[in-house]
Amino acid sequence: MCEFEPGAAVALPGGIGISRLSVYDIEAPDGLVGGTPHVHLACSEGYYVIAGAGAVQTLTPKGFAETPLQAGTVVWFDPGTIHRLVNGGELQILTLMSNSGLPEAGDAVLTLPPEHLTDRETYLKATALTGEGEARTPSAMARRDLALEGFAVLRESVEADGPTALDDFYAAAVRIVQPQLADWRRRWEQGARRLADETGAALDALEAGTAPHLQTAELHDLPAPTEFGRHGMCGRLDIYDITS
Numbered sequence: 211m212c213e214f215e216p217g218a219a220v221a222l223p224g225g226i227g228i229s230r231l232s233v234y235d236i237e238a239p240d241g242l243v244g245g246t247p248h249v250h251l252a253c254s255e256g257y258y259v260i261a262g263a264g265a266v267q268t269l270t271p272k273g274f275a276e277t278p279l280q281a282g283t284v285v286w287f288d289p290g291t292i293h294r295l296v297n298g299g300e301l302q303i304l305t306l307m308s309n310s311g312l313p314e315a316g317d318a319v320l321t322l323p324p325e326h327l328t329d330r331e332t333y334l335k336a337t338a339l340t341g342e343g344e345a346r347t348p349s350a351m352a353r354r355d356l357a358l359e360g361f362a363v364l365r366e367s368v369e370a371d372g373p374t375a376l377d378d379f380y381a382a383a384v385r386i387v388q389p390q391l392a393d394w395r396r397r398w399e400q401g402a403r404r405l406a407d408e409t410g411a412a413l414d415a416l417e418a419g420t421a422p423h424l425q426t427a428e429l430h431d432l433p434a435p436t437e438f439g440r441h442g443m444c445g446r447l448d449i450y451d452i453t454s
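Note that my numbering has the sequence shown beginning at 211, numbered continuously upward.
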C-alpha cells in the first residue's frame with residue numbers, strides 16, 4: 211500500500227497549469243494575424259476558447275491541419291505537435307498545460323530556421339526578448355516572424371517528403387532542451403507525479419476501508435493572476451503562479 215502524505219504543496223487538479231491568453235493581433239508577413247509556431251517536447255496542451263474566433267494550425271508527422279476556434283471550443287494536442295494560433299478577431303483562450311511548471315520552465319522550442327537551432331546558445335540568442343512591458347513587442351514579433359520562416363519550410367517539407375521531414379527539427383529541439391531536463395524532472399516529481407501518487411494512496415486507503423485524506427480537505431483559490439500581459443509565444447498571458 212502506498213503511504214498517503216497529507217499537507218503536501220498545493221497544485222491544481224492533475225498538476226495542470228493554466229493561463230489566460232489574448233492572442234497577438236499584429237499581422238505577420240504571410241498576411242495572417244496571430245502567434246509564434248512552436249512545439250512542446252514533454253507536455254500536452256489544451257485550449258478552451260473564452261471569446262473571439264480564429265484557428266490553430268498544427269503540423270505533425272501526419273501532416274498539416276487547421277482547426278477552427280470559436281467561443282466554447284475545446285481542443286488539445288500531444289507533445290511533438292507544432293502549433294500556431296491564428297487570430298480571426300478578439301481571440302482569447304484559457305490554456306491548460308500538463309505537468310504544471312514545465313512549460314514555464316522552458317518546454318517549448320520555436321520553429322526557427324535550422325541555422326538558429328545548431329546549439330542552445332545560438333537558439334537562446336535568436337529568441338531573446340528585449341525591453342520591458344510594451345517595449346518587448348517588437349522583439350516578440352521579430353522572433354515570431356523568424357519562427358514563421360522555419361514553419362513554412364517545415365510545412366512544405368512534410369507535404370513533399372512525409373513524416374521524416376520533421377526528424378531534423380525534432381532532433382535539434384531535443385538538443386536545445388537537454389540541459390533543462392534535470393529541473394523538469396524535479397518539477398514533474400513535485401507536481402503531476404506527486405498528485406498521481408496521492409490518488410493512488412487514496413485508492414489504497416479506500417480499499418482498506420479508511421480515508422485519512424478526507425480529514426485534510428479544504429478549498430483553494432486563486433483570486434487573480436499574479437502577472438498580467440506577459441509576452442508569450444502566442445500572445446499576451448495572464449499568469450497564475452502555482453508552486454508545486
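Virtual Cβ for every residue (Gly too), placed ideally from N, Cα, C.
Other residues of its chain near residue i: CB distance less than 6 Å, five sequence neighbours each side excluded
| i | result |
| --- | --- |
| G262 | G299, E300, L301 and Q302 |
| E359 | P323 |
| G439 | R446 |
| A402 | G225 and N309 |
| N297 | V233, D235, V243, G244 and G264 |
| G442 | none |
| P239 | D355 |
| S367 | A375 |
| G343 | none |
Cut-off 8 Å between Cβ atoms - residues of its own chain near residue i, not counting five sequence neighbours on either side
| i | result |
| --- | --- |
| R365 | L269 and F274 |
| F214 | The pLDDT assigned to F214 is 35, lower than 50, so where the model puts this residue is not dependable; a value taken from the coordinates is nonetheless given after this. Excluding positions up to five away in sequence, the list reads E408, A411, A412, D414, A415, P422 and H423. |
| S349 | A338, L339, T340 and G341 |
Through-space distance from residue j to residue i, alpha-carbon basis
| i | j | result |
| --- | --- | --- |
| A418 | L429 | 26 Å |
| L327 | A421 | 51 Å |
| V354 | T436 | In the sequence as presented, Val is not what sits at residue 354; that position holds Arg. Taking the straight line from one Cα to the other gives about 25 Å. |
| A345 | G244 | 18 Å |
| A427 | E276 | 43 Å |
| C444 | P289 | 17 Å |
| T374 | V363 | 14 Å |
| M351 | A315 | 21 Å |
| T340 | E237 | 20 Å |
| Y380 | P247 | 14 Å |
| T283 | D451 | 25 Å |
| T291 | L432 | 30 Å |
| R330 | A434 | 35 Å |
| G194 | P389 | No information on residue 194 is available, as it lies outside the stretch 211 to 454 that the chain covers here. |
| Q425 | D377 | 50 Å |
| E369 | G241 | 21 Å |
| T332 | I449 | 28 Å |
| W398 | I228 | 16 Å |
| P278 | A221 | 31 Å |
| A406 | Q400 | 10 Å |
| A464 | V266 | This structure does not reach residue 464, given that the chain is present from 211 up to 454, and the question cannot be answered. |
| A383 | A336 | 14 Å |
Residues sharing a beta bridge with residue i, DSSP
| i | result |
| --- | --- |
| E314 | Bridge partners of E314: none, in fact. |
| D448 | R230 |
| V319 | V249 |
| E437 | I449 |
Selected residue, minimal CA-CA separation from residue i, among the options
| i | options | result |
| --- | --- | --- |
| D317 | H250, L279, T246 and R346 | H250 |
| V285 | Y258, E237, G264 and G439 | Y258 |
| L320 | T305, A338, L306 and L304 | A338 |
| S254 | A221, L306 and P239 | L306 |
| Q280 | K272, T291 and L295 | L295 |
| A392 | A252, S349 and A357 | A252 |
| D371 | P271, V266, P223 and L222 | P271 |
| R230 | E342, L405, L222 and I260 | I260 |
| W394 | P313, V266 and L222 | P313 |
| R385 | P223, R404, L334 and V220 | L334 |
Neighbourhood of residue i by C-beta distance below 7 Å, restricted to the same chain and skipping five residues each side
| i | result |
| --- | --- |
| F287 | S254, E255, T268 and H293 |
heavy atom of the ligand FAD below 7 Å from residue i C-beta
| i | result |
| --- | --- |
| E331 | Judged by which ligands are present, the structure shown has none, so any question about the ligand FAD falls away. |
Problem set entry | Length at least 3, wholly inside the stretch 228-308: the beta strand (DSSP E) runs in chain order | Correct list: 255-270, 273-280, 284-287 and 292-307.
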